[in-house]
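Inspection log for the structure reproduced underneath, given as structure tokens.
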Amino acid sequence: MEGNYNAALFKSHLAFLGLPEDYNRHFKKWTPLDPQTGCPKLDSTGNVKTALCVAKPHTASVHAEAVWTQINQSSELNKSGNPKKPFNKSIEVVSNLQIDFEDPKNPEKVKEFGLAFGKKVSALLGYPEELPVLDSGAGCHIEFPINSIITADFCGGDLVNQAVRQVIEKLIKPLFDETAQEFCLTGTIKLEGFDISRILSLAGTFRPPNPKKDIEGRAFLAQGYARKWLNYDETNPPKRWENEQLTRLILEEIEEIKREESQKQAQKETRKKADVTSASGIVGLHTKDLKYFLAWLQKQAATMPITGDRSKNFYRLIDRAWRATQNEALIGENADFIDQLTGGKYTSQRSNTEVEVKRALQRIVASWKAKKHKEARARLDTLAGVKVDKRYNTAFMPDIELTKAVTMLKSGKGTGKTEAAARLIASLPKTAKVLCISHLLPYTIRNPLKEKG
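No gaps in the numbering here: position 376 of the sequence shown is 375 in numbering that gives the first Met the number 0, and each next residue is one more.
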């Protein structure tokens, strides 16, 4: 033991985590300075900025600084070539899981809880010996050694991290909550720290005082605290035992997540195909075609994915109807029928049904116009070589002017760009034509409309 640092205890903890004695991914906080003023940099809220830099556990602890160790492997480096704290996606090998918990007002009771919970969770997961429970001063940590999982096999650490979190929540959290209830800590203690990129303060290092936190029941921390195990020490260190059962559960959870994502993607594609409804035989329907329209609605409702969200179903069917008919009056007159087909949320009040249809149509039409507008601009850029200026994106022209513009552009003298643009806009829907013309006119090399006023 040297000052605030217990080298033997620290090395024992490294060994329990499966890390070598010369492991170098340790970090401490530092405060970057403004190069001009020499003062600490401040964040947007006016607080002093802090960052993590590589550190030596012995030096940091002797100088009464907190030091944290990365418990899962990553080779990520900063611009200077030094180890950098990674994100979950950058973790390359997962060999340890971790949880922590604390009660700021009653740390002594948390230690009792930690020992009891440590015994229970060790037995639950089939560890041959009790897992070590770290006393961090303000709370406890428990690590779970597992067989190494190579995250590259699963496109990085994010998917593995998600699986780890779900396994902990399904398997460990119920026992945690049950034990918390036994110790009358329900609502005051919380299970935290699931991320595989987590950095931890290990046994043998120093916890410096924290004036903001070391109050009430934690006043004993005001002089700093030497982190230690509650159920082991350097003369009787814990042995590492990698849990195959826990590893298998994580791998199974990864496969389950992948299956769920695949199903979601398939459902999304199905909805996308279903929403792109053919307008053949129904475009331009009027009230005299009511019977056909109602039959069409029933067919669409039967083939449309129905969710528990009736508002969403209602909106989706209206969207299909408008795309097929572009007849707002026809849709509005059959609001009740549409509502009945999608769960009957608004049928009880006729006025509400009509209002909701009107709102839905406003959103749908606005969205459609915006989409066509964007598509038209992109096609003009690509096919006609016209550079579109956002200043003209709200200009509209009457139908008579549209016809005149298209005619003059087709017959007018100019470059191939003008002719290509004319052919392009002639093939677009009316609303898109208006938008295209409004963009095109300021940029045509010879603009017949402009010349004639």
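Glycine is no exception: its CB is placed at the ideal position from the N, C-alpha and C atoms. Just so it is clear, the structure is predicted and the values come from calculations on it, not from any experiment.
(request) Could you check the C-alpha separation between Gln72 and Lys28 for me, to the nearest Å? (result) Distance between the alpha carbons of Gln72 and Lys28: 20 angstroms.
(request) Using DSSP bridges, identify the partner residues of Ile141. (result) Ile98, Val132
(message) Between Ala65 and Glu233, how many whole angstroms is the CB-CB distance? I'm expecting something under 8 angstroms.
(response) Wrong, their Cβ atoms sit about 21 angstroms apart, outside the cutoff.
(message) Considering only the alpha carbon of each residue, which of Cys38, Lys368, Leu16 lies closest to Trp240?
(response) Leu16
(message) Just to confirm the assignment: which complete alpha helix (DSSP H) runs, minimum length 4, are found wholly within the stretch 65-130?
(response) DSSP runs (the alpha helix (DSSP H)) wholly in the stretch 65-130: 106-124.
(request) Would you kindly check if the distance between the Cβ of Phe112 and the Cβ of Asn184 is under 8 angstroms? (result) The sequence shown places Leu at residue 184, rather than the Asn named in the question. Closer than 8 angstroms, so yes.
(request) Kindly indicate which three-state DSSP category Asn312 falls into: helix, strand or coil? (result) helix
(request) Check each candidate in Tyr231, Pro208, Asn230 and name the one with the smallest Cα separation from Leu220. (result) Pro208
(request) May I ask you to verify whether the stretch 77-96 touches the stretch 44-57, counting CB pairs closer than 8 angstroms and requiring at least 3? (result) By the Cβ test, the stretch 77-96 is in contact with the stretch 44-57, since at least three Cβ pairs between them sit closer than 8 angstroms.
(message) Taking a contact to mean a Cβ-Cβ separation below 8 angstroms, would you say His140 touches Asp99 in this structure?
(response) For His140 and Asp99, yes; Cβs fall inside 8 angstroms.
(request) State the beta-bridge partners of His25 as determined by DSSP. (result) Answer is Thr68, bridged to His25.
(message) Quick check: Met303 and Arg315, are their CB atoms within less than 8 angstroms of each other?
(response) For the pair Met303 and Arg315, the CB atoms are nearer than the 8 angstroms cut-off.
(request) Identify whether Gly280 lies in helix, strand or coil by the three-state DSSP scheme. (result) With a pLDDT of 42 at Gly280, under the threshold of 50, the modelled position of that residue is not reliable, and no figure is offered here.
(message) Rounded to whole angstroms, what is the Cα-Cα separation between Lys386 and Ile363?
(response) Only weak support exists for where Lys386 lies, its pLDDT of 44 falling under 50; the value from the coordinates is given anyway. Rounded to the nearest whole angstrom, the C-alpha separation of Lys386 and Ile363 is 28 angstroms.
(message) Please report the distance separating the alpha-carbon of Ser366 from that of Phe292.
(response) Distance between the alpha carbons of Ser366 and Phe292 is about 23 angstroms.
(request) Express the C-alpha separation of Ala359 and Asp318 in angstroms, rounding to a whole number. (result) When rounded, the distance between both Cα atoms is 8 angstroms.
(message) Measuring straight from C-alpha to C-alpha, what distance separates Pro34 and Lys40?
(response) 9 angstroms
(message) For a quick check, are the C-beta atoms of Lys118 and Glu107 less than 8 angstroms apart?
(response) no
(message) Within a Cβ cutoff of 7 angstroms, which residues of the same chain sit near Leu199, ignoring the five residues on either side of it in sequence?
(response) Trp67, Thr68, Ile70, Gln97, His140
(request) Report all residues from its chain with a CB closer than 6 angstroms to the CB of Gly80; omit the five preceding and five following residues, and keep chain order. (result) none
(message) DSSP three-state label for Ser147, please.
(response) Three-state DSSP puts Ser147 in a strand.
(message) Using the three-state DSSP reduction, which class does Leu51 fall into: helix, strand or coil?
(response) strand
(request) Take the Cβ of Ala320 as the centre, count every other Cβ of all protein chains shown within 10 Å, and call the residue buried at 16 or more, exposed below. (result) The residue in question, Ala320, is buried, as its Cβ has 16 or more Cβ neighbours within 10 Å.
(message) Can you give me the C-alpha to C-alpha distance between Cys38 and Asn46, rounded to a whole angstrom?
(response) 12 angstroms
(request) Taking all protein chains shown into account, decide if Gly343 is buried (16 or more other Cβ within 10 angstroms of its Cβ) or exposed. (result) exposed
(request) With DSSP as the reference, label Arg319 as helix, strand or coil. (result) helix
(message) How far does the alpha helix (DSSP H) with Pro173 in it extend, from its first residue to its last?
(response) Per DSSP, Pro173 belongs to the alpha helix (DSSP H) from 172-181.
(message) Just verifying my parser: in three-state terms, what is the DSSP assignment at Tyr291?
(response) Three-state result, Tyr291: helix.
(message) If I measure Cβ to Cβ from Ser121 and keep anything under 8 angstroms in the same chain, skipping five residues before and after, which residues do I get?
(response) Glu128, Glu129, Leu130
(message) Between the alpha carbons of Ala137 and Ser60, how many angstroms are there, rounded?
(response) 17 angstroms
(message) With a threshold of 8 angstroms on Cβ separation, who are the neighbours of Thr246 within its own chain once the five nearest residues in sequence on each side are excluded?
(response) For Thr246, same chain residues with a beta-carbon under 8 angstroms away, outside a window of 5 residues either side, are Ile145, Asn146, Ile148 in chain order.
(request) Take Ile253 as the anchor and find which of Cys154, Glu355, Val356 has the nearest alpha-carbon. (result) For the residues Cys154, Glu355, Val356, the minimum Cα distance to Ile253 belongs to Cys154.
(message) Using a Cβ-Cβ cutoff of less than 7 angstroms, which residues in the same chain neighbour Leu229 once the five nearest sequence positions on both sides are dropped?
(response) Lys110, Gly113, Leu114, Val132, Asp134
(message) Just to confirm my understanding: we take Thr341, look at its own chain, exclude 5 residues before and 5 after, and list those with CB closer than 7 angstroms. What are they?
(response) Ala300, Arg309, Asn312, Phe313, Leu316
(request) Measure the CB-CB distance between Gly156 and Ile90 and report whether it falls below 8 angstroms. (result) yes
(message) Quick check on Gly186: buried or exposed, where buried means 16 or more other Cβ atoms within 10 Å of its Cβ?
(response) Classification for Gly186: exposed.
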